[in-house]
Amino acid sequence: MHIWTIANQKGGVAKTTTTLAFGSLLTQRGHQVLLIDLDPHSSLTRSMGIAVDPPPVGTLALFDDNPPALADLALASPRAGLDFVAGQAGLATLERQSASKPGLGMALNRALATLGDRYDYVLLDCPPTLGLLMVNALAATSQLIIPTQTEPLAVHGLNSMLRTAAMIERSRRRAMPVSILPTLFDRRTRVAHETLDGLRQQHPAALCPTAIPVDTRLRAIEHVLGDADGAGRGLTAYQEALDWLLCQPVALESAA
Ligand code: ADP
Ligand code: MG
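Every position in the sequence shown, counted from 1, becomes a number in the working numbering once 64 is added.
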């Protein structure tokens with residue numbers, strides 16, 4: 065089972081869109097996929113059409129003293145082969161409890177271990193904050209994907225994310241392959257091209273050669289899940305990015 069964490073300590077960089085697009089594209093390639101919404105804002109859950117008030121049962125329950133089996137929390141999405149675990153606003157309060165409850169940092173790891181071979185890929189959609197939830201995801205992941213908006217300020221978010229990943233990689237004593245995915249690329253602006261060139265120079269191996277362009281069709285969940293007519297520029301770019309990710313030697317090494 066491959067576990068991919070989609071994270072960046074910055075909001076609005078297309079983490080959730082990337083999780084949904086890769087998840088759906090992986091099912092088109094015949095894989096069984098589980099998405100886990102770790103974000104208290106629950107964008108992934110909402111985009112699947114689930115009401116968040118009252119909160120649906122899901123990710124938060126994994127942090128209970130006697131958590132349910134992760135597979136029992138999976139909900140079916142409109143796309144065959146694609147399940148998801150719903151997020152709740154209450155996830156935000158977890159960060160405050162973590163000091164008083166040791167062991168919470170590995171709760172997700174323990175939950176994933178109960179899945180058996182039901183899923184080929186589990187994709188973790190992270191909140192934009194470095195806290196217990198992101199630590200859980202990074203502790204468990206076989207691969208980290210950092211969506212990075214192609215604008216100068218976003219590069220700071222990338223650098224803090226890379227520092228966090230390196231810190232957790234050291235403490236878990238297991239290699240964490242990292243890929244950087246340029247997102248929201250506006251090819252009409254010079255600054256987007258300059259940012260992309262800068263990223264290429266700084267991270268020649270980790271940077272995905274395909275940038276995901278700005279494409280308003282990606283705002284619609286049906287389109288991201290591939291159910292609308294025609295792929296469009298954005299989704300085609302996600303397909304190319306996925307091809308690249310799946311060919312990465314690091315990705316193969318980390319296959320469990
Ligand atoms: P995050 O999870 O990092 O906060 P989202 O995936 O929710 O980011 O994306 C933020 C906003 O940008 C959403 O409204 C989403 O629909 C939109 N968006 C994401 N990627 C694209 C894209 N390539 N083109 C246009 N809009 C996009
Ligand atoms: Mg999000």
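All C-beta atoms, glycine included, are put in the ideal place defined by N, C-alpha and C.
On a predicted model such as this, the values are computed, not experimentally measured, just so you know.
Just to confirm before moving on: does the CB-CB distance between residue i and residue j stay below 8 Å?
i: Ala150; j: Ser106; result: yes
i: Asp250; j: Val278; result: yes
i: Arg160; j: Ser88; result: no
i: Leu299; j: Ala85; result: yes
i: Ile232; j: Val199; result: yes
i: Gly122; j: Leu146; result: no
i: Val97; j: Leu108; result: no
Would you tell me roughly how many angstroms separate the C-alpha atoms of residue i and residue j, rounded to the nearest one?
i: Trp68; j: Leu188; result: 6 Å
i: Val116; j: Gly94; result: 30 Å
i: Asp184; j: Leu139; result: 16 Å
i: Leu99; j: Cys190; result: 11 Å
i: Ser235; j: Ile210; result: 20 Å
i: Pro166; j: Leu196; result: 11 Å
i: Pro273; j: Ala305; result: 7 Å
i: Thr178; j: Thr157; result: 25 Å
i: Ser118; j: Ala153; result: The sequence given here has Pro at residue 118, not Ser. Between Pro118 and Ala153, the C-alpha separation is close to 10 Å.
i: Leu194; j: His257; result: 29 Å
i: Ala269; j: Pro131; result: 39 Å
i: Met65; j: Gly180; result: 8 Å
i: Asp101; j: Glu286; result: 18 Å
By Cβ distance below 7 Å, which residues in the same chain neighbour residue i in space, the five residues on each side in sequence not counted?
i: Leu126; result: Leu134, Ala171, Leu172 and Ala175
i: Ala229; result: Leu202, Leu208, Met240 and Val242
i: Thr81; result: Leu282 and Val288
Please tell me whether, using a cut-off of 7 Å, the distance from the CB of residue i to the nearest non-hydrogen atom of the ligand FMN is below it.
i: Ser107; result: The ligand FMN is not among the ligands present in this structure, which contains only the ligand ADP and the ligand MG.
Under 7 Å from any heavy atom of the ligand MG, does the C-beta of residue i make it?
i: Lys74; result: no
i: Thr80; result: yes
i: Asp189; result: yes
i: Asp279; result: no
Does the beta carbon of residue i fall short of 7 Å from some heavy atom of the ligand ADP?
i: Arg251; result: no
i: Asp184; result: no
i: Pro241; result: no
i: Arg283; result: yes
Short of 6 Å in beta carbon distance, which residues of its chain neighbour residue i, apart from the five on each side in sequence? Order them along the chain.
i: Ser141; result: Met112 and Phe148
Only counting the same chain, and skipping five residues up and downstream in sequence, which positions put a Cβ closer than 8 Å to that of residue i?
i: Gly169; result: Ser162, Leu196, Val199, Asn200 and Ala203
i: Thr219; result: The sequence shown places Val at residue 219, rather than the Thr named in the question. Counting only Cβ-Cβ distances below 8 Å, and skipping sequence neighbours, we find Thr212, Thr259, Gly262 and Leu263.
i: Glu317; result: With a pLDDT of 45 at Glu317, under the threshold of 50, the modelled position of this residue cannot be trusted; read the value that follows with caution. Counting only Cβ-Cβ distances below 8 Å, and skipping sequence neighbours, we find Ala239 and Pro241.
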